[in-house]
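Numbering (mature numbering (1 follows the signal peptide of the UniProt record, and there is no 0)), first residue to last: -27 to -1, 1 to 186.
Okay, here's the thing in structure tokens:
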């Protein structure tokens, strides 16, 4: 059996080993990543929580036109702080309840349906005017010695009456545009039936076969 080392040698060996371990541990602490601190993690969680909370939106019904946001009556989604500190506090809007949201949504749906129906009616009317006046609306007038036309009855009211008589369609004279007739020939009457729908009627002005002396 091997002989045990002397006690002094054993103590020195343990001291050297401990010193090496301490040196290695110190090197790891100096060169390795910094340890996490509980307070730092908690801070990030709080910030993330605030950010998530701030990203929530509330629905506001505008009570006045707001630049770059919407018009009076619109439903808009904004951050809670902006809603309370700007829109509500300045009387520009109010936070919408579910009842208000449902009511406004129903009104918007009804308005959309009405707008669609109005456009369809205008389109149908334009098609009917094209069918009736496709070859033009011919009228005879008296002319002057130089061939000029000076007939004040050639106006939008007359066009509206012709549309009513021939196409059984009632239109307001205010939606008709007619150039002033000064000579024989033709002009185009434009009927603005809808913001997206117009009808054109060619008005042919001819010399009357009956001459008044």
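All residues carry an ideal CB built from backbone N, CA and C; glycine is no exception.
If we ignore side chains and look at the alpha-carbon of each, how far apart do residue i and residue j end up?
i           : j           : result
residue 73  : residue 40  : 23 Å
residue 91  : residue 119 : 46 Å
residue 152 : residue 184 : 25 Å
residue 77  : residue 154 : 49 Å
residue 84  : residue 34  : 17 Å
residue 112 : residue 89  : 36 Å
residue 36  : residue 144 : 35 Å
By the DSSP assignment, the beta strand (DSSP E) with residue i in it spans what residues?
i          : result
residue 35 : 31 to 35
Which residues in the same chain have their Cβ closer than 7 Å to the Cβ of residue i, if we skip the five residues on either side of it in sequence?
i           : result
residue 27  : Low confidence applies here, because residue 27 scores a pLDDT of 47, under 50, leaving its location unreliable and the question unanswered by this model.
residue 170 : 92, 95, 96, 99
Using DSSP bridges, identify the partner residues of residue i.
i           : result
residue 180 : 114
residue 218 : Missing from the structure shown is residue 218; the chain here goes from -27 to 186 and no further.
residue 173 : 163
residue 43  : 39
residue 149 : 164
Taking residue i as part of the alpha helix (DSSP H), name the residues at either end of that continuous run.
i           : result
residue 162 : Where residue 162 is concerned, there is no enclosing alpha helix (DSSP H), although the beta strand (DSSP E) it sits in stretches over 158 to 167.
residue 130 : 129 to 140
Spatial neighbours of residue i within its chain, please: CB distance less than 8 Å, with the 5 preceding and 5 following residues excluded, ordered by chain position.
i           : result
residue 142 : 98, 101, 102, 136
residue 149 : 129, 132, 133, 162, 163, 164, 165
With a CB to CB cut of under 6 Å and the five nearest residues on each side skipped, what residues in its chain are close to residue i?
i           : result
residue 109 : 175, 177
residue 127 : 154
Runs of beta strand (DSSP E) lying entirely within the region 48 to 102, each at least 3 residues, in chain order: 48 to 51, 66 to 68
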